[in-house]
Amino acid sequence: MKWRTESVGRQIQAELSELIQRRLKDPRLGYVTLTGVRMTPDLRTAKVYVSVMGEAEERAASLKALNHAAPFLRRELGKRLRLRNTPELLFDQDETIEHGTRINELLDGLKS
Numbered sequence: 115m116k117w118r119t120e121s122v123g124r125q126i127q128a129e130l131s132e133l134i135q136r137r138l139k140d141p142r143l144g145y146v147t148l149t150g151v152r153m154t155p156d157l158r159t160a161k162v163y164v165s166v167m168g169e170a171e172e173r174a175a176s177l178k179a180l181n182h183a184a185p186f187l188r189r190e191l192g193k194r195l196r197l198r199n200t201p202e203l204l205f206d207q208d209e210t211i212e213h214g215t216r217i218n219e220l221l222d223g224l225k226s
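Using this note's numbering, you'd call the opening residue of the sequence shown number 115 and step up by one each time.
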């Protein structure tokens, strides 16, 4: 069953990327990259991880805009995907890029 959740997650990520890029016109949205989608085993909830370029305030505003647009995005996903239930969308900040940058800075500090 794990292959199913991964497959649906990849489909949702691809469709959401297109929807966010082409259909959302919220000025609060910055440069948003979807880094992954994790599905619950029952496929009713999708946790969408996003990376946003910019300062903390810009990241928070973009995340707020995405969560505000979640019902619209869910409706649009329902039209595009052939699923029994369209999953609820929960957007969360992916901090792996920032974490990697901090590790590189620490390593650079040790070298000098």
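Backbone N, C-alpha and C define an ideal beta-carbon position, used for all residues, glycine too.
First and last residue of the beta strand (DSSP E) that includes residue i?
i: Arg152; result: 146-153
i: Leu130; result: That residue, Leu130, is in no beta strand (DSSP E); its alpha helix (DSSP H) goes 116-136.
i: Asn161; result: Before going further, note that residue 161 is Lys rather than Asn in the sequence given. Note, Lys161: beta strand (DSSP E), 159-166.
Rounded C-beta distance between residue i and residue j? I'm assuming under 8 Å.
i: Ile158; j: Glu190; result: The sequence shown places Arg at residue 158, rather than the Ile named in the question. Contact flag wrong, Cβ pair sits at about 18 Å.
i: Leu130; j: Lys161; result: That pair is no contact at about 12 Å.
Leaving out five residues before and five after residue i in sequence, what residues of the same chain have Cβ atoms less than 6 Å from its Cβ?
i: Thr200; result: Arg188, Leu191, Gly192
i: Thr119; result: Met153
Take residue i and list the residues in its own chain whose beta-carbon comes closer than 7 Å to its own, dropping the five residues that flank it on each side.
i: Ser176; result: Arg142, Leu143, Gly144, Val146, Val166
i: Leu133; result: Leu187, Glu190
Is residue i near residue j, with beta carbons less than 8 Å apart?
i: Gly123; j: Val164; result: no
i: Ala183; j: Leu138; result: yes
i: Ala174; j: Asp140; result: no
i: Gln127; j: Leu148; result: yes
Where does the unbroken alpha helix (DSSP H) through residue i begin, and where does it stop?
i: Leu219; result: Looking at the sequence itself, residue 219 is Glu, so the reference to Leu does not match. Segment 210-225, the alpha helix (DSSP H) holding Glu219.
i: Leu197; result: First-last for Leu197: undefined, no H or E at that position.
What do you get for residue i, buried or exposed, if any count of 16 or more other CB atoms within 10 angstroms of its CB means buried?
i: Thr211; result: Per the sequence shown, residue 211 should be read as Ile rather than Thr. Exposed, by the Cβ-count rule.
i: Ile217; result: exposed
Starting from the C-beta of residue i, find all residues in its chain whose C-beta is less than 8 Å away, skip the five residues before and the five after it, and write them out in chain order.
i: Gly168; result: Gly144, Tyr145, Ser176
Between residue i and the ligand ADP, is the CB less than 7 Å from at least one heavy atom?
i: Ala175; result: Absence of the ligand ADP from the depicted structure is noted, as is the absence of any ligand whatsoever, leaving it without description.
Could one say the Cβ of residue i lies closer than 8 Å to chain B's Cβ atoms, at least one of them?
i: Phe186; result: The structure shown contains no chain B, having only a single protein chain.
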